[in-house]
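**Student:** Quick one: this structure, given as structure tokens, is what I'll be asking you about.
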Amino acid sequence: MAKVTTELIYEVLKAMQSRLTEIEERMREIRVEMNAIRGHMVALQQDVANIYNRVSVVETRLDRIERRLEFADAPSV
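Each residue of the sequence shown is one higher than the one before, counting from -2 in the numbering used here.
Below, the structure is given as structure tokens:
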């Protein structure tokens, strides 16, 4: 069995520290990418809300036009 020395432990700890540094760097990169994705999602949600708003305006105008031209069914009384 290999003899465990402080030098061996030191080398293992040094390697672990190096790997942890790499992991931390990758985590920072992932955070930046996630924030970018979050920003794009917010922009998409705003775009969809704007589209729904425009469709609603067009629907309202179309209903008004149909009533004026008497295309719409007469309301039952």
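Glycine included, every Cβ here is placed at the ideal spot set by N, Cα and C.
#1: Would you identify the three-state DSSP class for Val52, choosing helix, strand or coil?
#2: Entirely within the stretch 2 to 72 and at least 4 residues each: give me those alpha helix (DSSP H) ranges in chain order.
#3: Taking just the CA atoms, how far does Arg35 sit from Arg65?
**Tutor:** Straight from the coordinates:
#1: Position 55 of the sequence shown, counting from 1, holds the residue named residue 52. If DSSP states are grouped into helix, strand and coil, Val52 belongs with the helices.
#2: Taken in chain order, the whole alpha helix (DSSP H) runs of length 4 or more contained in the stretch 2 to 72 are 3 to 66.
#3: The residue you call residue 65 lines up with position 68 of the sequence shown. The residue you call residue 35 lines up with position 38 of the sequence shown. For Arg65 and Arg35, the distance between alpha carbons rounds to 45 Å.
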